[in-house]
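S.K.: I have a structure here, written as structure tokens, and I will follow up with some questions on it.
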Amino acid sequence: MKRLLWLLQWLLKATIFFTLFAFALNNQQETRVNFFFSTYWSAPTVLVVLSAFTLGVVVGVLGMVPRWWRERQAVKKNTPPASPAPTSEVTDGA
């Protein structure tokens with residue numbers, strides 16, 4: 038079962054990679070992104086789309102950080118401190 042899940046995970050990764058690779062090959066024409074004050078950025082379409090995707094992921098992760106941090110602090114606050122592991126004294130037999 039573990040091997041099957043590992044295989045499915047790699048199959049999903051390969052599918053995503055080849056889909057993005059085909060997308061990149063099919064979208065090489067120049068795209069112009071206009072900003073404020075007559076500034077613009079000219080780049081291949083695939084670069085613009087992947088940049089927007091990456092920016093969205095970064096914003097999403099940064100949006101989750103405060104809640105993640107609060108939950109982590111709450112768990113740390115409610116968890117009792119770990120006691121040291123018991124050690125057994127070994128005598129020399131003498």
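Everything in the sequence shown is counted per the numbering used here, starting at 38 for the first residue and increasing by one.
Glycine residues also receive a C-beta, built at the ideal position from the N, C-alpha and C atoms.
These numbers come from a predicted model, not from an experiment.
#1: Taking Cβ to Cβ, would you say ALA80 is nearer than 8 Å to THR91?
#2: Between VAL70 and LEU84, what straight-line distance do the alpha-carbon atoms span, to the nearest angstrom?
#3: Could you tell me the distance, in whole angstroms, from the CA atom of LEU62 to the CA atom of THR52?
#4: What are the boundary residues of the alpha helix (DSSP H) that THR82 is part of?
#5: Relative to the C-alpha of ALA59, which residue among GLN110, GLY100, MET101 and THR82 is closest?
#6: Alpha carbon to alpha carbon, what distance is there between PHE72 and TRP47?
#7: On the three-state DSSP scale, how would you describe ASN71?
#8: Starting from THR170 and walking both ways along the alpha helix (DSSP H), at which residues does that stretch end?
M.R.: Inspection of the coordinates gives the following:
#1: no
#2: 11 Å
#3: 15 Å
#4: 82 to 115
#5: THR82
#6: 39 Å
#7: strand
#8: Look at the range of the chain in this structure, 38 to 131, and you will see that residue 170 is not part of it.
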